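Visitor:
2 protein chains.
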Amino acid sequence: MTGTTSQARRSDATRTAILAAARERFAADGYERATIRAIARDAAIDPSMVMRYYGNKEGLFAAAIDLDLRMPEPYAGPDGDAGRVLVRHFLDLWEENEVLTALLRVGVTNEAGAARMQELFKEQILPVALRLCPDPAEAPTRAALGASQVLGLALGRYVLKFPPTVAMSRDEIVEWLAPTIQRYLTAERP
Amino acid sequence: MTGTTSQARRSDATRTAILAAARERFAADGYERATIRAIARDAAIDPSMVMRYYGNKEGLFAAAIDLDLRMPEPYAGPDGDAGRVLVRHFLDLWEENEVLTALLRVGVTNEAGAARMQELFKEQILPVALRLCPDPAEAPTRAALGASQVLGLALGRYVLKFPPTVAMSRDEIVEWLAPTIQRYLTAERP
DNA sequence: CTTGTTGGTCAACGTCTGTTGGCAAACGTA
DNA sequence: TACGTTTGCCAACAGACGTTGACCAACAAG
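As given, the protein sequences belong to chains A and B, one line each in that order.
Numbering-wise (full-length UniProt numbering), the first sequence opens with residue 1 and increments by one.
Numbering-wise (full-length UniProt numbering), the second sequence opens with residue 1 and increments by one.
1) What did DSSP end up calling Ala115(B) once you bin it into helix, strand or coil?
2) Starting from the beta carbon of Trp94(A), find every residue of chain B whose beta carbon is closer than 7 Å, and list them in chain order.
3) Indicate the three-state DSSP secondary structure (helix, strand or coil) for Gln149(B) in the structure shown.
4) Does the Cβ of Arg13(B) have 16 or more other Cβ atoms within 10 Å, making it buried, or fewer, making it exposed?
5) In the DSSP assignment, find the unbroken alpha helix (DSSP H) run with Tyr158(A) in it and report its ends.
6) Could one say the Cβ of Phe162(B) lies closer than 8 Å to chain A's Cβ atoms, at least one of them?
7) Rank Arg10(B), Val87(B), Pro164(B), Tyr53(B) by C-alpha distance to the C-alpha of Ala22(B) and give the top, closest one.
8) What is the DSSP secondary structure of Asp42(A), reduced to helix, strand or coil?
9) Evaluate contact between the stretch 121 to 129 of chain B and the stretch 141 to 150 of chain B, counting only Cβ atoms and requiring at least three cross-stretch pairs below 8 Å.
10) Give a yes or no on whether the minimum CB-CB distance between Pro140(A) and chain B is below 8 Å.
11) Out of curiosity, what's the CA-to-CA distance linking Leu160(B) and Val108(A)?
12) What does the Cβ neighbour count give for Gly156(B), buried or exposed, with the cut at 16 atoms within 10 Å?
13) Give me the Cα-Cα distance between Asp81(B) and Ala44(B), rounded to the nearest whole angstrom.
14) Around the C-beta of Leu190(B), are 16 or more other C-beta atoms found within 10 angstroms, so that it is buried, or is it exposed?
15) Can you tell me the Cα-Cα spacing of Pro164(B) and Asp46(A), whole angstroms?
16) Counting along the chain, where does the alpha helix (DSSP H) carrying Glu98(A) start and finish?
17) Measuring straight from C-alpha to C-alpha, what distance separates Glu149(B) and Arg84(B)?
18) Here's a check: name, in chain order, each residue in its chain whose Cβ is nearer than 8 Å to the Cβ of Phe61(A), leaving out the five neighbours to either side.
19) Reducing DSSP to helix, strand and coil, say where Ile125(B) ends up.
20) What residues from the stretch 100 to 128 of chain A come within 8 Å of chain B, judged by C-beta to C-beta, listed N to C?
21) Once you ignore the five residues that flank Thr4(A) on each side, which residues in its own chain have a CB closer than 6 Å to its CB?
22) Out of Gly55(A), Gly59(A), Ala17(A), Pro72(A), point me to the one whose CA is closest to Ala40(A)'s CA.
23) Can you give me the start and stop residues for the alpha helix (DSSP H) that residue 194(A) sits inside?
24) If you draw a straight line from the alpha carbon of Leu67(B) to that of Ala28(B), how long is it in whole angstroms?
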């Protein structure tokens with residue numbers, strides 16, 4: 001052995017190549033059609049290497065969608081354009097890499113993927129809503145409403161590719177969605 | 001031959017049993033995991049019957065998701081609670097059978113499914129927006145925004161099963177979403 | 001009764017899947 | 001040099017998949 005803790009291994013390049021290929025394939029094809037053989041081909045290695053480094057397909061998927069939403073701190077401004085900040089942040093997240101697309105595509109047909117999405121909601125989205133909502137008891141409902149709008153837009157824009165949704169500019173999306181999110185999180189119950 | 005046009009065939013019961021089983025499986029499992037063998041087992045017939053009646057798996061899927069959204073006529077009331085009417089109508093559609101769940105689950109990972117969703121949007125949703133929007137040129141964008149909210153909610157409630165989204169009552173959902181849809185369709189551009 | 005059509009089963013095909021174990025080369029250390 | 005470990009490839013397994021064609025039973029028409 002060359003070291004005690006997390007020494008750089010000679011195979012790190014291969015490991016990350018596998019992970020990158022896996023994210024691409026999961027994002028493009030979903031869980032079933034993203035075969036280990038295809039991922040290995042993209043990474044230019046043998047399929048058996050995937051098994052050695054990630055155990056099995058589920059392990060590979062778990063490693064591929066390990067992400068942090070980096071939710072913004074509670075907004076400090078006088079009152080809320082929290083909606084604007086949040087919508088912009090999610091657009092950034094969705095466009096900076098394919099992890100979220102992969103997660104959404106897989107979550108729809110795969111148990112583990114759906115579970116991971118629920119986890120992200122509970123551990124990273126809900127806390128933000130708890131700080132912004134007037135009544136903490138309403139936070140889960142309000143957060144879920146906001147998530148539904150953001151997920152729905154991402155679905156139409158990055159997965160189903162509805163032409164009008166794809167054609168909108170980022171700024172247009174922010175201007176349209178921000179008031180919705182703002183209302184879901186902070187407005188008085190209808 | 002017993003008749004000239006669309007005579008009742010002796011195999012109609014089998015045909016509809018296959019279709020019902022197919023909708024269930026597609027809704028529960030998505031395209032790949034809904035195997036013809038499993039569908040045939042549910043319908044208590046041989047897999048080869050599916051091939052004979054629907055040609056191949058794609059043909060079966062096409063037959064299984066042939067649906068009409070039955071969009072309501074342009075609302076006659078003084079001004080709009082079009083939002084309320086539309087949200088309630090979509091909740092009805094999603095809950096009356098599994099076709100829409102099947103379509104969403106498949107559309108996310110299957111080309112034909114996504115294409116069918118775009119078709120439904122263009123042919124059945126867009127016309128409604130054209131009647132309700134102030135400026136017809138904005139109708140596609142506004143309709144797409146409305147679709148994103150409705151699809152997002154359905155995703156959370158019927159597919160991903162986010163606990164807070166599942167827990168909401170139909171009336172709660174209508175009260176929260178209706179103003180959003182109303183604004184997307186009719187309010188002045190932000 | 002005979003005959004053609006329809007409804008249905010059975011067994012098999014070729015292909016693709018995730019996964020496994022063995023073997024060879026490259027490497028780090030002594 | 002010698003030796004254990006890491007990295008990688010190759011070939012194969014067993015199971016599941018969509019799909020096919022041969023075959024049998026029930027029926028309707030002459």
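Where is the CB? At the ideal position from N, CA and C, for every residue including glycine.
Predicted, not measured: the structure shown is a model, and the values here were computed from it.
Guide: Looking at the atomic coordinates:
1) Mapped onto the second sequence, residue 115(B) falls at position 115. In the structure shown, Ala115(B) sits in a helix (DSSP, three-state: H, G or I).
2) Stepping through the first sequence from its first residue, residue 94(A) is reached at position 94. Those do not exist, as Trp94(A) stays about 13 Å from chain B at its closest Cβ, beyond 7 Å.
3) Walking along the second sequence from the start, residue 149(B) turns up at place 149. Looking at Gln149(B) - three-state DSSP - the assignment turns out to be helix.
4) As a working mapping, residue 13(B) is identified with position 13 in the second sequence. According to the sequence as given, residue 13(B) is Ala; it is not Arg. With fewer than 16 other Cβ atoms within 10 Å, it is exposed.
5) In the first sequence, the residue the question calls residue 158(A) occupies position 158. Here Tyr158(A) belongs to no alpha helix (DSSP H), and DSSP marks it neither H nor E.
6) Walking along the second sequence from the start, residue 162(B) turns up at place 162. So, interface residue.
7) Stepping through the second sequence from its first residue, residue 22(B) is reached at position 22. Checked all of Arg10(B), Val87(B), Pro164(B), Tyr53(B); the closest Cα to Ala22(B) is Tyr53(B).
8) In the first sequence, counting from the first residue as 1, residue 42(A) sits at position 42. Helix at Asp42(A).
9) yes
10) As a working mapping, residue 140(A) is identified with position 140 in the first sequence. Judged by the 8 Å Cβ criterion, Pro140(A) is in contact with chain B.
11) Translated into positions along the second sequence, residue 160(B) becomes position 160. Translated into positions along the first sequence, residue 108(A) becomes position 108. Each residue's Cα considered, the two are about 6 Å apart.
12) Residue 156(B) sits at position 156 when you count from the first residue of the second sequence. With 16 or more Cβ atoms within 10 Å of its Cβ, Gly156(B) is classed as buried.
13) Mapped onto the second sequence, residue 81(B) falls at position 81. Mapped onto the second sequence, residue 44(B) falls at position 44. Taking the straight line from one Cα to the other gives about 47 Å.
14) The count along the second sequence starts at 1 and reaches residue 190(B) at position 190. With the sequence shown as reference, residue 190(B) is identified as Pro, and Leu is not the correct amino acid for it. By the 10 Å Cβ count, Pro190(B) comes out exposed.
15) One-based indexing of the second sequence puts residue 164(B) at position 164. One-based indexing of the first sequence puts residue 46(A) at position 46. Rounded to the nearest angstrom, the two C-alpha atoms are 43 Å apart.
16) Taking the first sequence and counting its residues from 1, one reaches residue 98(A) at position 98. Where Glu98(A) is concerned, there is no enclosing alpha helix (DSSP H), given that its DSSP letter is neither H nor E.
17) On the second sequence, residue 149(B) is found 149 positions in, with the first residue counted as 1. On the second sequence, residue 84(B) is found 84 positions in, with the first residue counted as 1. What sits at residue 149(B) in the sequence shown is Gln, not Glu. So the alpha carbons of these two residues sit roughly 13 Å apart.
18) Taking the first sequence and counting its residues from 1, one reaches residue 61(A) at position 61. Ala22, Phe26, Tyr31, Val106, Asn110, Ala112, Gly113, listed in sequence order.
19) Locating residue 125(B) in the second sequence gives position 125, counting from the first residue. Looking at Ile125(B) - three-state DSSP - the assignment turns out to be helix.
20) Leu104, Arg105, Gly107, Val108, Thr109, Ala114, Met117, Gln118, Phe121
21) The sequence position of residue 4(A) within the first sequence is 4, counting from 1. Caution applies to Thr4(A), whose pLDDT of 40 falls short of 50 and renders its modelled position unreliable; the value that the coordinates give is listed next. Taken in chain order, the list of residues that qualify is empty.
22) On the first sequence, position 40 is the one that residue 40(A) refers to. Measuring from the Cα of Ala40(A), the nearest candidate turns out to be Ala17(A).
23) Summary: the structure shown does not reach residue 194(A), with chain A confined to residues 1 through 190, and so no result is reported for it.
24) Position 67 of the second sequence, counting from 1, holds the residue named residue 67(B). Position 28 of the second sequence, counting from 1, holds the residue named residue 28(B). Near 18 Å, if we compare the C-alpha coordinates of Ala28(B) and Leu67(B).
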